[in-house]
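Enquirer: Before I ask anything, here is the structure I am working with.
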Amino acid sequence: MLFGKHINRYYVKHLPVLLLGIVALIMVDYVQLIVPELYRMVINGMNKGEVLYEGAMVPFDINFLLDKICLPLIVVILLMVVGRFIWRICFFGSAIKVETDLRGRMFDRCKDLSQEYYMVNKVGNMMSLFTNDLETVQDCFGSGVLYLCDAVMLGGLALMKMTNMNRVLTLLSLVPLSLMLAVGLIVGKYMTLKWEERQAAFSSLSDFSQDSFAGISVIKAFVKEGKELLAFKKLNKDNEKVNVEYVKLSTLMHISITLLIESVTCIILGYGGYLVYVGTFDAGQLLEFFGYFNSIIWPVMAIAELIEMRSRGKASLARISELLDAVPAVVDSENATDDRPIAGDIEFRNLTFRYPGGEYDVLKDVSFKIQRGERVGIIGKTGSGKTTIVDLLLRTYNVPDGSIFLDGRDVNTIPIKTVRKYAAYVPQDNFLFSDTIEANIAFATDGGGEEEIVRAARLADVDDNIREFGMGYKTVLGERGTTVSGGQKQRISIARAVMKNAPILILDDSVSAVDVKTEKSILENLQKERTGTTILIAHRVTTVEKMDKIVYVEDGRILAVGSHAELLSTCPEYRRMVELQRLDDMENGEGGQN
Ligand code: ADP
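Heads up: the sequence shown is residues 1004 to 1597, going by the working numbering.
Printed below as a string of structure tokens:
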């Protein structure tokens, strides 16, 4: 049983099913306790030839055995089977539903959280939330309710029957059982702490493994397998250490419980035997009492199990709650209601920006304008702030009011989704999904006609390459599919963005891995086909020199804005960069990679 604001609602939602499960459980518990009475009658019947039945002594013969022992036993067994089936379906079924719903809510939250969150919480950690932690919470919800009800019902009924038979013997049996509960509570507390450490160690291990698998080519190229293995071994050892500590505590708990249960058996046999000896009990009654005690073992163990399970569940639920309660750092401002379409006029006005937690301003007093339909190149050295400029335009981070304008409207007055709806972006990492090429290209349009897909691929100059793959546009990419080259990846990403047909197209260093001829062809295609605003980030002047306008960035400042010819004559820094790049090209012989 687990409580918390994110889980309470499920008890209410599944109340009818849980109640049905509880009714079935009560029925099973009730009929189960008829069995010790049957034991008594059989033993006493065999010993004395007659038994006490409904207040009177009746002969113990074959008819009695069949009618009053075997037949009720069959009914009891049938009821127990049906009842157990019902409560299992009710408890475990609703637990699975809770897990599914919670997973949906977690995923929903994940998609709203901003980049900042993912910089702190790595993929491995997120994966363990969605696997280990979720499973633990599910387990706690289903089995937790079951254990609690069973402990109360079966334990209560059996205790009542035991007390009716002999109070002293019941009290003596209860002493070790109370000790058992105390051990469960104390050790359970330490187990919660260890469980948290265990989950954290597992997350670190997952993070590291995920990083290593993603960067396997780098590790191999730098022959750093040994170093990685050592680092992995350390994390694996840490993980082992906290797991062993957890298992030690868990074993301590189980051994104490077994010990205490065995001591109750000794008490019943010792004191119960004495009662038989003095004639207070007969052999059948002792067996009946033992039968009740046997039924009570499980509920008491269930309480201990419940304590342990709850400790784990609480820790896991706390981690899940942290995710569900995480507040997205970048959200619409209160006055973001302007949902009109965006045509593509862009203005940056005196924007100074520092990354959250950063120590210096990455952009300083940035101001420039782009008219709708213009083709603009943003150029500057690596780290000068080019990606930051477009990231801010797409509202990946918060910007001050009055610093970015779209169609003359402050970007903070426009809902974030609207801004992104009217922009198509080719990010630097060119991430492609493990899906068919056509699904990747049509990603923004949720499908889209074949003709459109081919048109976008042609525009990105990748149609010929795609047709060379065995399955053409149906070729599956990624982990379980075909691996494409860096240049092909870039061009498929460009096709995906072009397919969106948005008024603003942003390409971040998107032609860096293609050869000069292909780059030229893509840029010409874009010029011919596109009517909207196009922003192309590059670090080679040759990529942007034919653009309508070039924004030259150096160290977070805009040093010049204008055509290539204008910048050459007005901006000495730009001229110097052009000359250096030209010299570089002459030395290396012009060309690119594919
Ligand atoms: P460019 O695209 O010109 O290579 P960026 O805009 O990516 O440059 O980066 C500009 C500066 O901002 C760099 O110094 C970089 O280290 C820093 N930077 C980029 N992203 C972040 C981030 N998420 N948090 C803190 N600093 C960042």
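Built from N, CA and C at the ideal position, the CB exists for glycine as well.
All values reported here derive from a predicted model rather than from experimental measurement.
Between which two residues does the alpha helix (DSSP H) holding Asn-1047 run?
Expert: From DSSP, the alpha helix (DSSP H) with Asn-1047 extends over 1038-1051.
Enquirer: Report yes if the CB atom of Thr-1536 is closer than 8 Å to the CB atom of Glu-1377, and no otherwise.
Expert: Yes.
Enquirer: State the DSSP-derived secondary structure class of Ile-1373, mapped to helix, strand or coil.
Expert: Strand at Ile-1373.
Enquirer: Comparing the CB of Met-1122 with every heavy atom of ligand 2, is any distance shorter than 7 Å?
Expert: You won't find ligand 2 in this model; what it holds is ligand 1.
Enquirer: Do Glu-1454 and Met-1502 have their C-beta atoms closer together than 8 Å?
Expert: Contact: no.
Enquirer: Output the distance between the C-alpha atoms of Leu-1177 and Ala-1305, rounded to the nearest integer angstrom.
Expert: Distance between the alpha carbons of Leu-1177 and Ala-1305: 16 Å.
Enquirer: Could you check what DSSP says for Glu-1350 in three-state terms: helix, strand or coil?
Expert: Glu-1350: strand per DSSP, three-state reduction.
Enquirer: Shortest alpha-carbon distance to Leu-1132 belongs to which of Gln-1374, Leu-1320, Gly-1473 and Ser-1298?
Expert: Leu-1132 has its Cα closest to that of Leu-1320, out of Gln-1374, Leu-1320, Gly-1473 and Ser-1298.
Enquirer: Please state if the CB of Leu-1021 and the CB of Val-1148 are separated by a distance shorter than 8 Å.
Expert: Closer than 8 Å, so yes.
Enquirer: Leaving out the 5 sequence neighbours to the left and right, which residues in its chain are closer than 6 Å to Val-1126 when beta-carbon positions are compared?
Expert: Once the five neighbours on either side are set aside, the close Cβ partners of Val-1126 are Gln-1213.
Enquirer: Excluding the 5 residues flanking Ser-1387 on each side, which residues of the same chain have their C-beta closer than 8 Å to its C-beta?
Expert: Around Ser-1387: Val-1556, Glu-1557, Asp-1558 and Gly-1559.
Enquirer: Should Ser-1097 go down as buried or exposed, given a rule of 16 or more other Cβ atoms within 10 Å for buried?
Expert: Under this definition Ser-1097 is a buried residue.
Enquirer: Under the assumption that Ile-1025 contacts Phe-1144 (Cβ atoms under 8 Å), give the Cβ distance between them as a whole number of angstroms.
Expert: So it is not a contact: roughly 14 Å between Cβ atoms.
Enquirer: I need the residues with a C-beta less than 5 Å from some heavy atom of ligand 1; please give them in chain order.
Expert: Chain-ordered list of matching residues: Tyr-1358, Gly-1361, Val-1365, Thr-1385, Gly-1386, Ser-1387, Gly-1388, Lys-1389, Thr-1390 and Thr-1391.
Enquirer: Buried or exposed for Met-1589, please, with buried defined as at least 16 other CB atoms from any protein chain shown within 10 angstroms of its CB.
Expert: Exposed, because fewer than 16 other Cβ atoms sit within 10 Å of the Cβ of Met-1589.
Enquirer: Hey, which unbroken runs of the alpha helix (DSSP H) at 4 residues or more fall wholly within the segment 1282-1348?
Expert: DSSP runs (the alpha helix (DSSP H)) wholly in the segment 1282-1348: 1286-1328.
Enquirer: Where Tyr-1295 and Pro-1039 are concerned, what is the direct C-alpha to C-alpha distance, given to the nearest angstrom?
Expert: Going by the C-alpha atoms only, they are around 7 Å apart.
Enquirer: From the DSSP output, in three-state form, read off Thr-1173 for me.
Expert: Looking at Thr-1173 - three-state DSSP - the assignment turns out to be helix.
Enquirer: Is the CB-CB distance between Val-1517 and Ile-1495 below 8 Å?
Expert: Cβ atoms of Val-1517 and Ile-1495: not closer than 8 Å.
Enquirer: Looking only at C-alpha atoms, which of Tyr-1280, Glu-1532 and Lys-1492 sits nearest to Ala-1505?
Expert: Among Tyr-1280, Glu-1532 and Lys-1492, the Cα nearest to that of Ala-1505 is on Glu-1532.
Enquirer: For the pair the segment 1146-1166 and the segment 1233-1245, tell me if three or more CB-CB distances fall below 8 Å.
Expert: Counting Cβ pairs under 8 Å, fewer than three are found: no touch.
Enquirer: Give a yes or no on contact between the segment 1075-1083 and the segment 1033-1047, applying the rule of three or more CB pairs nearer than 8 Å.
Expert: Contact holds: three or more Cβ-Cβ distances are below 8 Å.
Enquirer: For the segment 1343-1363 against the segment 1465-1482, do three or more pairs of beta-carbon atoms, one drawn from each stretch, fall closer than 8 Å, so that the two count as touching?
Expert: The segment 1343-1363 vs the segment 1465-1482: no contact.
Enquirer: Between Pro-1418 and Asp-1342, which are expected to be in contact by the criterion C-beta below 8 Å, what is the C-beta distance as a whole number of angstroms?
Expert: Confirmed, Cβ separation roughly 6 Å.
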